[in-house]
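To start, the structure under review is shown below, and the notes come after it.
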Amino acid sequence: MNQSKLNQSIKSLLLCSIGLLMSGIALAQVNSNSELFKTLKAKDSILFKIGFNKCDLEKSAELMYDDLEFYHDKGGVTHSKEAFISTMKNGICRDDNPEKVYRFLVEESLEVFPMYNNGKLYGALQNGKHFFSTDENMSFENTDNYALFSHLWILENEAWKLKRVISYNHTSVEK
Numbered sequence: 018m019n020q021s022k023l024n025q026s027i028k029s030l031l032l033c034s035i036g037l038l039m040s041g042i043a044l045a046q047v048n049s050n051s052e053l054f055k056t057l058k059a060k061d062s063i064l065f066k067i068g069f070n071k072c073d074l075e076k077s078a079e080l081m082y083d084d085l086e087f088y089h090d091k092g093g094v095t096h097s098k099e100a101f102i103s104t105m106k107n108g109i110c111r112d113d114n115p116e117k118v119y120r121f122l123v124e125e126s127l128e129v130f131p132m133y134n135n136g137k138l139y140g141a142l143q144n145g146k147h148f149f150s151t152d153e154n155m156s157f158e159n160t161d162n163y164a165l166f167s168h169l170w171i172l173e174n175e176a177w178k179l180k181r182v183i184s185y186n187h188t189s190v191e192k
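Next up, the structure:
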């Protein structure tokens, strides 16, 4: 085989490999109509629409492991559910807080990736984009503060609980 044909074969093999890799990545994410996606989207809603936005911290706490870890690119690390709830109670959910901040999910950004151990579902990674505003009726198109998030949910005794949270890439957009 001459060098030109060898190079062409290598290029073809490389392109096929990349295509297979990309299709595998695309297939790893569950469909938004799946039970897993809907379940974790509902958990996100309880965590934020009820817990964060309405400051029902008991509801939020029910969804978290005691050893929750929360990593924030601006606010640092929180090492337990108790510390996280305390931070919320004494910060954003403080009774005398003059500028309550609300969190909104960018619906179309939500992704869920199941995690298996020997074929058994034990967890899922939930990724997405969210934004924050002091206006309860804000839309993503009008906001100036958004971020990305990753939630590690663990399935234990048929219940999903939040184990790890990473909130990152907090960005202000000039409008």
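Under our numbering, think of the first position of the sequence shown as 18, with each following residue one higher. Where a beta carbon is used, it is the ideal one built from N, C-alpha and C, also for glycine. Every value quoted in this text rests on a predicted model; they were computed, and no experiment measured them.
- Checking the DSSP bridge columns, you'll see Arg181 partnered with Glu86, Leu169.
- With respect to the C-alpha of Lys76, the residue from Asp84, Leu85, Lys66 having the closest C-alpha is Lys66.
- Taken in chain order, the complete beta strand (DSSP E) segments of 3 residues or longer contained in the stretch 39-117 are 81-89, 93-95.
- In terms of Cβ geometry, His147 and Arg181 do not form a close pair [threshold 7 Å].
- In the three-state scheme derived from DSSP, where H, G and I count as helix and E and B as strand, Glu128 is classed as strand.
- Rounded to the nearest whole angstrom, the CA to CA distance from Asn144 to Lys137 is 21 Å.
- Using a Cβ-Cβ distance cut-off of 8 Å, the stretch 89-96 and the stretch 116-136 are not in contact, since fewer than three pairs of beta carbons, one from each stretch, lie closer than that value.
- In the three-state scheme derived from DSSP, where H, G and I count as helix and E and B as strand, Asn186 is classed as strand.
- In the structure shown, Gly136 falls within a coil segment according to DSSP collapsed to helix, strand and coil.
- The distance from the Cβ of Asp90 to that of His187 is about 6 Å, consistent with a contact at the 8 Å cut-off.
- For Leu64, the CB contacts under 6 Å within the same chain, skipping 5 residues up- and downstream, are Ser77, Leu80 in chain order.
- With respect to the C-alpha of Trp177, the residue from Cys110, Phe54, Val47, Gln46 having the closest C-alpha is Phe54.
- The beta-bridge partner set that DSSP reports for Asn144 consists of Glu128, Ser167.
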